[in-house]
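Each protein sequence line maps, in turn, to chains A and B. The opening position of the first sequence corresponds to residue 20 in the numbering used here, with each subsequent residue numbered one higher. The opening position of the second sequence corresponds to residue 2 in the numbering used here, with each subsequent residue numbered one higher. Virtual Cβ for every residue (Gly too), placed ideally from N, Cα, C.
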Amino acid sequence: MSIAGIFEHPLGRLGLDSLPFWNMLQHPTKGNIINGIIATGAASVVVFGALGLIVVLTRYKLWRVLWSEWATSPDHKKIGIMYVVIAFVMLARALIEAALMRAQQAYGLGGGFLSPDHFAQLFSTHGTIMIFFMAMPFLTGVINYVMPLQIGARDVSFPVLNSISLGLTAAGAALVMVSLVLGKFSTGGWFGYPPYTEATFSPGVGPDYWIWALTLGSLGSTFTGINFAVTIYKERAPGMKLMRMPLFTWTALCTSILMIFAMPPLTVATAQLALDRYLGFHYFTNALGGNMMHFANLFWLFGHPEVYILILPAFGVYSELFSTFSGKVLYGYRSLVMATMAIAILSFTVWLHHFFTMGQSANINAVFGIASMLIGIPTGVKIYDWMLTMFRGRVRFTVPMVYSIGFILLFVLGGMSGILLANPTVDYQVHNTVFLVAHFHNMAVPGLLFGMIAAYHFWFPKAFGFRLNERWGMISALCWIFGFMLAFFPLYALGLMGLPRRTVAYTEPSYVPLEWVAFLGALLILTALASLLWQLWVSIKQRDENRVFAGDPWDGRSLEWSNSAPPPEYNFAVIPEVKGRDAFTMSKEGGTAYQRPDTYQDIELPKNSAMGPVIAAIGFTLAFGLVWHIWWMVILSFLAAVATLIIRGFARDTTRIVTAQEVRQEHHRWIDAVAAATAIARVDENKPANDGLAQHASDGVVP
Amino acid sequence: MSQQVLKHPGLNLGPAHGKDDRAAENMMFGFWVFLMSDAILFGMVFATYVTSVHATAGGPGPHALYDLKSAFIETLLLLASSFTFGMASLALKYKHGKPRLIGWMVLTLVLGMVFLGFELHDFSSMFAKGGVPSRSGFLSAFFDLVPLHGLHVAAGCIWLICLVGQILRYGLDTATKLGIMRLALFWHFLDIIWIAIFSVVYLTGLT
Ligand code: HEM
Ligand SMILES: [Cu+2]
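Written out as C-alpha cells, the structure is:
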C-alpha cells in the first residue's frame, strides 16, 4: 500500500450505511423496519447512555474523581470493583439479547419478527459477551478484590500491570458496545468458525469486531493470570502456607494457571484468522491448503480450559459460603484442593469433545469421551464435600446461601447432561440441538453466574461498608432460580425433539408451547436482574442503617474479614501472622483479633499511573482502526503503544509512602469503632444491629 | 561456590546487590511465568507449521525456498549474541563497570540486527521465488512462525536500546538492573526458540 493509499479513505469502510437505521430508510419493508427499529433502539441506549454519563460526570464535577480515584488507581480493590461494574453492564446487555432471542423463537413458528441475520448477531454477541465480557471480568474482579486480602497481602505483585489488564478488557468491551452503533457484529457465533468467518463468506466488519474484541480481552486475561499466580506464590503473609490458603484462593490459583496456558491458543487462533482476512493467508480457508480443523483444535484447546477458568472461582466462592453460613470448618479441605487441581489438569485433555462429529476416528472419540467423563469424579467429590460441610451445621438461609443451594441442586443436573454428551454416540444424536444449549447454560448460569452474584452479596459489605438489602436480594435470587428452570428445562425436551440450536424460525407446531415456557423464564430472569438493580438502589438509600465498619458481618473465617469495611488502601496496618487454616477464626477463638500493635511502620504503595487508561484508549483506537480499515489510525495507535511502553520503561519514582503515623491513626479509629460496637448473634446478622462485630462460637454451635 | 539460596531460577544478582537482589525475586519469577505463556504461543504456531508442511497446494515447498547456508549463519549469529548477552549479565552481576556492560550490550544489539538483516534477506529471496504467504497453507504457516520469532527479536532490540538509554540516564538503579535481567532471559529464550526453528523448519524441511 502506498502512502497516499493510507489517506485515500480517511474513514476506511465507515459510511452512512454503517448506521443501524440506514437500511430501513433505503428499503422500508415491514421486516426491515422492525429490525431497524430494534437495532436503532439498542444503538440509542449506547449513545444516550454514554451521553448521560458524560452529563452526570460534568454536572457533579466527577471527572477528577473518576480519573484520580478510579481510572489511574493501582489499588487491587478498586480495580476489582471496576471489573465487576463492567461485568454488570455487559450482563444487562447480554440478558436483554437473550430475552429477545427467546421472544423471537416463541413467535418463530413459520417466521417471527427478526431477520435471520439479526438473530445471528444476537446469539453471537450474547455468547461472546457472556463469556468474555461478563464472566471473565466478573471473576477477575472478584479475585482481584478478595484474593490479596485472603492471603494477607498489600496488593497484587504487579499493580500497574493489573490496571493495564483492566484497560485491555475495558477496551474490548467498549468495542463490542460500539458495534451496536456502527456496523454489524459477527454472525459466526461465539466461537467464530471459519471458513464461514473468512473474508470470502463474511466480507463485512462483523468478524473483525469479534476478532479484535477477543484479542484485547485475551491479552488482558493472560496478564491477569500471570499477575495472580505470582501474587499467590510470592505475596502470602508469613505462615500462610499453601495448604492453609482459603479455598477461594486455591481456585484463583488454578484459574490463573489455566489462563496462562489456555489464552495463547486463542490469541493464535484469532491472529491467524485475522491474517487470513486481512492479508490473504491460508490457515483456515477452503482453498490452497487451508484447514479449518486447525481452528477448531486451537479454539477448543483454549475453549475447554476456559469453561474451567469460569467455573473454578465459583467453586471457590461456594466453598467459602457453605463453610461460613453453616458455621463450620469446610469439610474435606484437602480433597477439595486435590479435586481443583485434578480438574485443572484434566481440562487440557478433553477439548476434542467439542467436535466429536467432525471426522476423527471412533477410537479417538472414545478416548476423549472417557477423559471427559472422568472430570465428573473430582466434581462429584466437591459436591459431597459441600453437602457434608452443611451436614450438622446451623445453616443460615441468607441470600448467598440460597444461591448456593440452588447451585448444588441445578448444577448436578447440568453435570448429568454433560456426562450424557460426553458419550460420542449420544452426542451424535443431540449435538447442535438446543439440548446442548440447555446443558451449557445449566453449567454457566447456576454454576458460574449464581456463584458470582452470591460473591457480590457476600463481599459487598466488605467493599462498601454496608450490607445489601436482604428482601430484594431474596426476591432476585428466587427469580433467578425459577427463571432459569423455566427458561432452560424446556430446551432439554426441545433438543430431544430435534430443534437445532441457533434456529431463527421453525415449522414444527409442537415446539410452540415449550418455546413459550422458555420465553416466560427469560422474562422472569429479566425481573431478577431488575430486582438486583433495585436492591442496589434501596441498599444505597438505607446505607446508614446497615453499616458494618467493624468489618466482619458474617462471622467470617478468613483474613479478608479481619480488617475494617471498607479496608484501608494498604489492606492491613500490620501484616498478619498466620497460624493455621481459617486464620481469622483462629485469632477470634484465641482472643488475638482486633489488636493494637505497639509500633507501626511506614508503608510503601505504588503511585497512581495513567498506563491503564492510556493503554485502554490506544487499544480501542487500534482495534477500531483495524475493524474499519482506517489505516492512519492503526499506524498512529501502534506508534503510540510503542512510545507508551518505552516511556513507562523510563519512569522512576513510582511509589509513595503512607507514614506510620497515618497508619496508626486509621487503625486506631477502626479499633475504637470495634470496641464501641456490640457483638451480635447470628440470628441478628440481617438486622441493623449488625455493625460488623460477630459473637463467635465454635463449630456448629451458634449463639 | 557460594551457598546462598537462589531467589529465582537463572542468574541471580547475589547478596552484594542488596535490595536490588531482593526486588528481583518477584519480578524475575513473574517474567519466567510470562515466558512460559509465550512458549505456549510458539508451541501452537509450531503445531500449525508441522501440520501444514505438506499443504503446499502445488506451490513451492521447502526445497525450492529454504537457504540452509543463510539459516546456519543466522544460527551462529544468534548463538553468538546469546554469548555476548551472557557476558553482559556477568558484567552486571560482578560490577565490572558501566562501559564494559554497555559494550557487551551494544555488541549483542549489533548481532541481533545483523540476524534480522539476514532474515529479511531470506524472506525477500523467498518472495522472489514466488514463496509468498498467500500462496499456500504451508507458506502461511512458515510466515507465521519464523517472522513471529523475528518480531520478538526486533522487540528485544528496541528494548535493548531503551535499556542502554536507561543506564545512561539513571545509572544502574534497581529498575535498570531488573530490566537487563529480564531482557537476558528473553534473549536466551528466543535463542532456544530459534534452535527449534532451525531444527524443525530448516533441517527437517531440507532432508
Ligand atoms: C441467564 C439467562 C440466559 C438466557 C435466557 C440465555 C439465552 C440464550 C439463548 C436463547 C441462546 C441462543 C440459543 C440458540 O443457539 O438457539 C444462548 C446462547 C448462548 N449463551 Fe446464553 N443465556 C443466558 C445466560 C448465559 C450465560 C450466563 C452464559 C455464559 C456465561 C451464556 C452463554 C451463551 C453462549 C456461549 C451461547 C452460544 C452462542 C452461540 O451460539 O455462539 N448465556 N443463550
Ligand atoms: Cu469442553
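Quick check on A333/A: does DSSP put it in helix, strand or coil?
For the purposes of this step, residue 333/A is taken as the residue at position 314 of the first sequence. If DSSP states are grouped into helix, strand and coil, A333/A belongs with the helices.
Flag L645/A as yes if its beta-carbon sits less than 8 Å from any beta-carbon of chain B, otherwise no.
Within the first sequence, residue 645/A is the residue found at index 626, counting from 1. Taking Cβ atoms only, chain B never reaches closer than 8 Å to L645/A, which makes this a no.
Are I148/A and V195/A close, meaning C-beta to C-beta below 8 Å?
Here residue 148/A corresponds to residue number 129 of the first sequence, with the count starting at 1. Here residue 195/A corresponds to residue number 176 of the first sequence, with the count starting at 1. Yes.
I'd like the span of the alpha helix (DSSP H) that includes E681/A, first residue to last.
Taking the first sequence and counting its residues from 1, one reaches residue 681/A at position 662. First-last of the alpha helix (DSSP H) with E681/A: 679-695.
Return no unless some Cβ of chain B is closer than 8 Å to the Cβ of P284/A.
Counting from 1 along the first sequence, the entry for residue 284/A is found at position 265. So, interface residue.
Let me check you understand the geometry: is the CB of F334/A closer than 7 Å to at least one non-hydrogen atom of ligand 4?
With respect to small molecules bound, the structure shown includes ligand 1 and ligand 2 and not ligand 4.
Would you mind telling me which residues of chain B sit closer than 8 Å to Y297/A, beta carbon to beta carbon, in chain order?
In the first sequence, counting from the first residue as 1, residue 297/A sits at position 278. Those within 8 Å of Y297/A in chain B number zero; the least Cβ separation is about 11 Å.
Report the neighbours of P134/B on chain A: residues whose CB is nearer than 9 Å to its CB, in chain order.
Residue numbering aside, residue 134/B sits at position 133 when the second sequence is read from its first letter. By Cβ distance, chain A contributes L294, L298, G299, F300, H301.
The beta strand (DSSP E) spanning P723/A covers which residue range?
Outside the displayed range of chain A (20 to 722) lies residue 723/A, so it cannot be described from this structure.
Using a Cβ-Cβ distance cut-off of 8 Å, determine whether M37/B contacts chain E.
The structure shown has no chain E; the protein chains it does contain are A and B.
Let me have the residue list for ligand 1: C-beta closer than 5 Å to any non-hydrogen atom, ordered along the chain.
A117/A, M120/A, F142/A, G146/A, M149/A, A154/A, G208/A, W209/A, V456/A, A463/A, V464/A, L468/A, A506/A, R520/A, R521/A, A541/A, I544/A
In this structure, how does DSSP classify F267/A when only helix, strand and coil are distinguished?
The sequence position of residue 267/A within the first sequence is 248, counting from 1. F267/A falls in the helix class under three-state DSSP.
Of the choices A363/A, R415/A, V386/A, F318/A, whose alpha-carbon is the least far from that of F341/A?
Within the first sequence, residue 341/A is the residue found at index 322, counting from 1. Among A363/A, R415/A, V386/A, F318/A, the Cα nearest to that of F341/A is on R415/A.
Under the rule that 16 or more other beta-carbon atoms within 10 Å means buried, what is A281/A, buried or exposed?
Within the first sequence, residue 281/A is the residue found at index 262, counting from 1. Buried is the call here.
Beta carbon of G225/A nearer than 8 Å to that of T243/A
Within the first sequence, the letter at position 206 stands for residue 225/A. Within the first sequence, the letter at position 224 stands for residue 243/A. Cβ atoms of G225/A and T243/A: not closer than 8 Å.
Quick one, which of L487/A, G517/A, T604/A has its alpha-carbon nearest K723/A's?
In the structure displayed, chain A extends from 20 to 722; residue 723/A sits before or after that span and is not available.
Taking any heavy atom of ligand 2 as the mark, which residues have a C-beta closer than 6 Å to it, listed down the chain?
H323/A, V326/A, V369/A, H372/A, H373/A
Can you name, in chain order, every residue of its own chain whose Cβ lies under 6 Å from the Cβ of L180/A, other than the five neighbours on each side?
Within the first sequence, residue 180/A is the residue found at index 161, counting from 1. Cβ neighbours of L180/A beyond the five flanking positions: F242, N246.
From the DSSP output, which residues share a beta bridge with P519/A?
As a position in the first sequence, residue 519/A is number 500, starting the count at 1. Partner(s): T452/A.
Do L349/A and T408/A have their beta-carbon atoms positioned less than 8 Å apart in this structure?
Counting from 1 along the first sequence, the entry for residue 408/A is found at position 389. Counting from 1 along the first sequence, the entry for residue 349/A is found at position 330. Yes; because the gap between Cβ atoms is below 8 Å, this pair is in contact.
When you compare the CB positions of I15/A and S656/A, do they come within less than 8 Å of one another, or not?
The displayed coordinates of chain A run from 20 to 722. Any statement about residue 15/A would go beyond what the structure contains.
Is the Cβ-Cβ distance between W405/A and Y337/A less than 8 Å?
Counted from its first residue, the first sequence places residue 405/A at position 386. Counted from its first residue, the first sequence places residue 337/A at position 318. Yes, the pair counts as a contact, with Cβ atoms nearer than the cut-off.
Of the residues D672/A, T268/A, V531/A, which one's Cα is nearest the Cα of V165/A?
Position 146 of the first sequence, counted from the first residue, corresponds to residue 165/A. Measuring from the Cα of V165/A, the nearest candidate turns out to be T268/A.
Check each residue of the stretch 228-258 of chain A: if its Cβ is closer than 8 Å to any Cβ of chain B, include it; give the result in chain order.
T241, G244, I245, N246, A248, V249, Y252, K253, E254
Cβ-based contacts, 9 Å cut-off: residues of the stretch 38-72 of chain B near chain A
S38, D39, A40, I41, L42, F43, G44, M45, V46, A48, T49, T52, S53, H55, A56, T57, A58, G59, G60
Please confirm whether V34/B has its beta-carbon closer than 8 Å to some beta-carbon of chain A.
Working through the second sequence from its first residue, we reach residue 34/B at position 33. Interface residue, yes.
Since Y619/A is in the alpha helix (DSSP H), which residue starts that stretch and which ends it?
Taking the first sequence and counting its residues from 1, the one referred to as residue 619/A is at position 600. Per DSSP, Y619/A belongs to no alpha helix (DSSP H) and is neither H nor E.
Whole angstroms are fine: how far does the CA of E534/A sit from the CA of V456/A?
Within the first sequence, numbered from 1, the residue matching residue 456/A stands at position 437. Within the first sequence, numbered from 1, the residue matching residue 534/A stands at position 515. Each residue's Cα considered, the two are about 14 Å apart.
Specify whether the stretch 364-371 of chain A and the stretch 318-328 of chain A touch according to this definition: at least 3 beta carbon pairs, one from each stretch, less than 8 Å apart.
yes
I'd like the list of long-range same chain contacts for P528/A, defined as Cβ closer than 7 Å, with 5 residues on each side in sequence excluded.
Position 509 of the first sequence, counted from the start, is the residue given in the question as residue 528/A. Only L128 meet the Cβ criterion.
Taking the straight line between their C-alpha atoms, what separation do you get for R32/A and H648/A?
Taking the first residue of the first sequence as 1, we reach residue 32/A at position 13. Taking the first residue of the first sequence as 1, we reach residue 648/A at position 629. Spanning the two alpha carbons is a distance of roughly 6 Å.
Between the C-alpha atoms of L331/A and F26/A, what's the straight-line distance to the nearest angstrom?
Position 312 of the first sequence, counted from the first residue, corresponds to residue 331/A. Position 7 of the first sequence, counted from the first residue, corresponds to residue 26/A. Taking the straight line from one Cα to the other gives about 48 Å.
Would L655/A pass as an interface residue toward chain B - the criterion being a Cβ-Cβ separation below 8 Å?
Position 636 of the first sequence, counted from the first residue, corresponds to residue 655/A. No, no contact with chain B.
Could you tell me the alpha carbon to alpha carbon distance between R183/B and P10/B, rounded to whole angstroms?
As a working note, residue 183/B is residue 182 in the second sequence. As a working note, residue 10/B is residue 9 in the second sequence. Answer to the nearest angstrom: the Cα atoms are 12 Å apart.
Give the residues of chain B in contact with L317/A, contact being defined as C-beta atoms less than 7 Å apart.
Residue numbering aside, residue 317/A sits at position 298 when the first sequence is read from its first letter. Residues of chain B passing the Cβ test: M45.
Do three or more CB pairs link the stretch 138-156 of chain A to the stretch 114-121 of chain A at distances below 8 Å?
yes
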